[in-house]
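Participant:
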Amino acid sequence: MIDVSELKASHIDPAGRIAKVGAGLNQLEAVTALGEHDLAATTGTEGTVGLSGATLGGGFGFLTRYLGMACDNLIGVEIVVAAGADGAKVLEVDPWNHADLLWALRGAGNKAKYDPHNVFQYEQSIPPATH
């Protein structure tokens, strides 16, 4: 078991509606950080659950009908995979690099993976009012 609870960094690009978050961030922390930039995310319904695990397991929540499942918004992952007999390597996974692995991560519920950072695309949380 690998403890990722300390990996809580988040980098949010409000203009591009993209966030790169650490694997230790829970759903409440992610929603709070995104809300500060007027962005919303599909997450599960329990804030203490890790965002990465919830996303890789599908990510069904209150905004699913509006924004899709959390895994639908996953656009990249930095993942550690086995390499050689006793080694490991980091892969940058996105639509241009290891696209087949990104596809698998977005649809699989496989827990045999370790992802220190995830990159998501998010939507505006509240549409502007029109009068």
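Residue numbers for the sequence shown follow our numbering, beginning at 1 and rising by one.
Yeah, the Cβ is synthetic: ideal placement off N, Cα and C, and Gly gets one too.
With burial defined as no fewer than 16 other Cβ atoms inside 10 Å of the residue's Cβ, what is the status of Ala88: buried or exposed?
Facilitator: Position 88 of the sequence shown holds residue 88. With fewer than 16 other Cβ atoms within 10 Å, it is exposed.
Participant: Tell me which residues share the same chain as Ala83 and place their Cβ nearer than 7 Å to its Cβ, disregarding the 5 neighbours each side in the sequence.
Facilitator: Locating residue 83 in the sequence shown gives position 83, where the first residue counts as 1. For Ala83, where only same-chain residues beyond five positions count, the Cβ hits under 7 Å are Lys89.
Participant: Bridge partners of Ala82, per DSSP?
Facilitator: In the sequence shown, the residue the question calls residue 82 occupies position 82. Per DSSP, Ala88.
Participant: Pull up the distance between the alpha-carbon of Gly109 and that of Leu91, whole angstroms please.
Facilitator: Translated into the one-based positions of the sequence shown, residue 109 becomes position 109. Translated into the one-based positions of the sequence shown, residue 91 becomes position 91. Low local confidence applies: a pLDDT of 45 at Gly109 is under 50, so the model's placement there is unreliable, and no value is given.
Participant: Please state whether DSSP places Ala40 in a helix, a strand or coil.
Facilitator: As a first step, residue 40 must be located in the sequence shown, where it is residue number 40. In the structure shown, Ala40 sits in a strand (DSSP, three-state: E or B).
Participant: Please say whether Asn73 and Thr134 have beta carbons closer to each other than 8 Å?
Facilitator: No statement about residue 134 is possible, as the shown extent of the chain runs from 1 to 131 and does not include it.
Participant: Who are the near neighbours of Ala30 in its chain, counting only those whose CB is closer than 8 Å to its CB and skipping five residues on each side?
Facilitator: Counting from 1 along the sequence shown, the entry for residue 30 is found at position 30. Ser10, Ala19, Val21, Ala41, Thr43, Leu51, listed in sequence order.
Participant: Assign Ile2 to one of two classes, buried (16 or more other C-beta atoms within 10 Å of its C-beta) or exposed (fewer than that).
Facilitator: Within the sequence shown, the letter at position 2 stands for residue 2. Burial call: exposed.
Participant: Give me, in chain order, the residues of the same chain whose beta-carbon lies closer than 6 Å to that of Lys8; leave out the 5 immediate sequence neighbours on both sides.
Facilitator: The residue given as residue 8 occupies position 8 in the sequence shown. So the list reads Gly22, Gly24, Leu25, once near-sequence residues are dropped.
Participant: So for Gly76, helix, strand or coil by DSSP?
Facilitator: As a working note, residue 76 is residue 76 in the sequence shown. Three-state DSSP puts Gly76 in a strand.
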